[in-house]
Amino acid sequence: MMMEKFALRSRILLAGAAMSALLLAGAPAGAVTPADTLVEGFAIDDIISMDPGEAFELSTAEVTGNTYDLLVRLDLSDTSKVKPDLAASWTVSDDGLTYTFKLKPGLKFASGNPITAADVAYSFERAVKLDKSPAFIIGQFGISGDNVTEKAKAVDDTTFQFTVDKAYAPSFVLNCLSATVASVVDAKLVKEHVAAATPSADYKWDNDFGNAWLKTGYAGSGAYKLREWRANEAVVMERNDNYYGEKAKLARVIYRNMKESSAQRLALEAGDIDVARNLEPNDLDAIAKNADLTTTSAPKGTVYYISLNQKNPNLAKPEVRQAFKYLVDYDALSSTILKGIGEIHQTFLPKGVLGELDENPFKLDVAKAKELLAKAGLPDGFSVTMDVRTGQPTTGMAESIQQTLGQAGIKLEIIPGDGKQTLTKYRARNHDIYIGNWGQDYFDPNSNAQTFASNPDNSDAGKSHTLAWRNSWDIPDLTKQTEAALLEKDSTKRADMYKDLEKKILDTSPFVIIHQQLEVAGLRKNLKGFALGPSFDTNFVGPVSKE
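Per mature numbering (1 follows the signal peptide of the UniProt record, and there is no 0): the sequence shown = residues -31 to -1, 1 to 516.
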């Protein structure tokens, strides 16, 4: 734990020496990272908290996935399923409402405290009552601060029960329980660090459930334990010898905050880091030509898209919506800006997710687009704006789309801005066109279906701010279909329901989905067992070793 003193001073010196050596700017060329340490260059400046009940950023998800355990975890051999983690088995009641989990025997936290069903129940309670960003993943099952202690409870030391409000598809419930917000924390340890809180209209509890401490502290049981987080500098993880499964092969893992692709490439070539995680196409090409290095990639559950605000009367025309889908040069983007970091993918469910539809029907076809614009009464095109977050690949994609739209007479003005500016405008429905990406909140088709194909209340006062709502797309029938898919228990039928939704989104929606993110990494060839998972919380480093 970062807030406690290390038990052995020698361990302090070892970890400190490793950190100091590895964080030095301008380390000499040919430097070699320690044989028992994995060092990754990674843009980790998004981290704001290490509390699994609060953290909802991509970098933190990777750390959490390696340092905390769950009841169930995504099965990487078949991502349509989950597999046991702390739970040895589970059953679902005949009415589909109660999930009963039996824990594996002899489990321990990194602290040495035993893992019990009471720890699981407390983990759910604190996540729901804290009500931070990821709490909705548990809350969507009818769980609130007022009922969580009854709905998520320990029956005995090894039995945990979770009761939901509807007979959802079991795959939906279990996939949500594989999200990092369901990480199991050491209740005894956390309770030693709770801070008093004054109840108010916004927060009615008398303590913070250890949130202030866990922002930088650690109370988990994963293959690695969090040793230290230095904001905008580094994260250090150390092997957890109390881990129930196969022990991590390396003593520690260090993530160095490095934002620039070129800096990561140079550090990798010099041997200052073992892995480079944020490489752009040019640097990726250079690494592929280096005999001492290699690359790896994996599709992630993030899709890039442009969306057309239906408040704009021109963009609301069905023919215009379809014309835009023929005015993206997918092939050119694939071979240039997205080379190695993206894969053309035009449906809202990413590959690997239950129900994913592998269809890419659209190609650049200016003549077809002009024909559709003429049918819409806009043969000469029109003028429109696009809000673009500055940076790659979005800026390059926007410029390419600007050029191809122009071929059909559509004059696109690009409005650049930082992430906060563009998102604030987008979330207020004040844009014409927005270009951005959407990542899954949990590894279940509902995560994307709910945002692309559901809009329960299209009024400006609507509380469900899905992407359909942000673009003023009023779709009561698709909303009902999305809700129905949550209740289909047969996985094959459920998958077919999502495929049907995807086909309808392809044909009629204001979304032009362009590609799925490929996460890439450059690495030194002496690494063994390094692999990228299908989500950011499944990039496991426990199996990694060095020759």
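Quick reminder that beta carbons are idealized off the backbone N, C-alpha and C, glycines included.
| Query | Result |
| --- | --- |
| Could you round the C-beta distance between residue 355 and residue 306 to whole angstroms and report it? I think they count as a contact, below 8 Å. | Contact doesn't hold; Cβ gap of about 16 Å is too wide. |
| Would you call the stretch 327 to 347 in contact with the stretch 372 to 383, where contact means no fewer than 3 C-beta pairs closer than 8 Å? | yes |
| Measuring straight from C-alpha to C-alpha, what distance separates residue 346 and residue 399? | 24 Å |
| Report the start-end ranges of each alpha helix (DSSP H) in the stretch 181 to 254 that is 4 residues or longer and not cut off at the edges. | 230 to 239 |
| What is the rounded straight-line gap between the Cα of residue 190 and the Cα of residue 414? | 29 Å |
| Give me the DSSP bridge partner(s) of residue 1. | BP columns for residue 1 are empty, so no partner. |
| Can you give the beta carbon distance from residue 213 to residue 73, rounded, assuming they're within the 8 Å contact cut? | 7 Å |
| What are the boundary residues of the alpha helix (DSSP H) that residue 452 is part of? | 445 to 454 |
| Between residue 174 and residue 98, which are expected to be in contact by the criterion C-beta below 8 Å, what is the C-beta distance as a whole number of angstroms? | 6 Å |
| Just to check my reading of the structure: residue 455 and residue 423 have Cβ atoms closer than 8 Å, yes? What is that Cβ distance to the nearest angstrom? | Going by Cβ atoms, the distance from residue 455 to residue 423 rounds to 10 Å, so no, they are not a contact pair. |
| According to DSSP, is residue 459 part of a helix, a strand, or is it coil? | coil |
| Pairs of beta-carbons, one from the stretch 489 to 498 and one from the stretch 15 to 35, closer than 8 Å: are there three or more? | no |
| Based on the DSSP output, what are the partners of residue 70 in its beta bridges? | 59 and 129 |
| Compare the beta carbon distance of residue 274 and residue 482 with 7 Å and say whether it is the shorter of the two. | yes |
| Using only the alpha-carbon positions, how far apart do residue 159 and residue 509 sit? | 25 Å |
| According to the Cβ coordinates, are residue 66 and residue 132 closer than 7 Å? | yes |
| With a Cβ-Cβ cutoff of 7 Å, do residue 411 and residue 35 count as a contact? | no |
| Leaving aside the five residues before and after residue 502 along the sequence, list all residues of the same chain whose C-beta is less than 7 Å from its C-beta, in chain order. | 45, 267, 508 and 509 |
| Would you mind listing the beta strand (DSSP E) stretches within the stretch 353 to 431 that are 3+ residues and don't spill past its ends, in chain order? | 380 to 386 and 402 to 408 |
| Assuming residue 235 and residue 489 make a contact with CB atoms under 8 Å, what is their CB distance in whole Å? | At roughly 17 Å, the Cβ-Cβ gap does not stay under 8 Å, so residue 235 and residue 489 are not in contact. |
| For the alpha helix (DSSP H) that contains residue 492, what are its first and last residues? | Here residue 492 belongs to no alpha helix (DSSP H); instead the beta strand (DSSP E) covers 480 to 493. |
| Jot down the residue ranges of each uninterrupted alpha helix (DSSP H) in the stretch 304 to 356, minimum 4 residues, whole runs only, in chain order. | 335 to 344 |
| So, with DSSP's three-state summary, where would you put residue 176? | strand |
| Cβ atoms of residue 42 and residue 52: under 7 Å apart, would you say? | yes |
| Do you know offhand how far residue 166's Cα is from residue 449's? | 41 Å |
| Pairing CB atoms from the stretch 319 to 335 with CB atoms from the stretch 455 to 471, are three or more of them under 8 Å? | yes |
| Using a threshold of 7 Å, state whether the C-beta atoms of residue 103 and residue 142 are closer than that. | no |
| Residue 101 and residue 23: beta carbons closer than 7 Å? | yes |
| Report yes if the C-beta distance between residue 228 and residue 12 is below 7 Å; otherwise report no. | yes |
| Quick one: what's got a C-beta closer than 8 Å to residue 111's C-beta in the same chain, skipping five residues either side? | 120, 133, 134 and 135 |
| What are the start and end residues of the beta strand (DSSP E) that includes residue 272? | 262 to 277 |
| On the three-state DSSP scale, how would you describe residue 9? | strand |
| Compare the C-beta of residue 249 with all C-beta atoms of chain B and state if any pair is closer than 7 Å. | Here there is only one protein chain, and chain B is not present. |
| Does the stretch 311 to 323 come close enough to the stretch 277 to 287 to have 3 or more Cβ pairs within less than 8 Å? | no |
| Given a cut-off of 7 Å, decide if residue 152 and residue 21 are closer than it, judged by their beta-carbon atoms. | yes |
| Assign residue 360 to buried or exposed, taking buried as 16 or more other Cβ atoms, counted over all protein chains shown, within 10 Å of its Cβ. | exposed |
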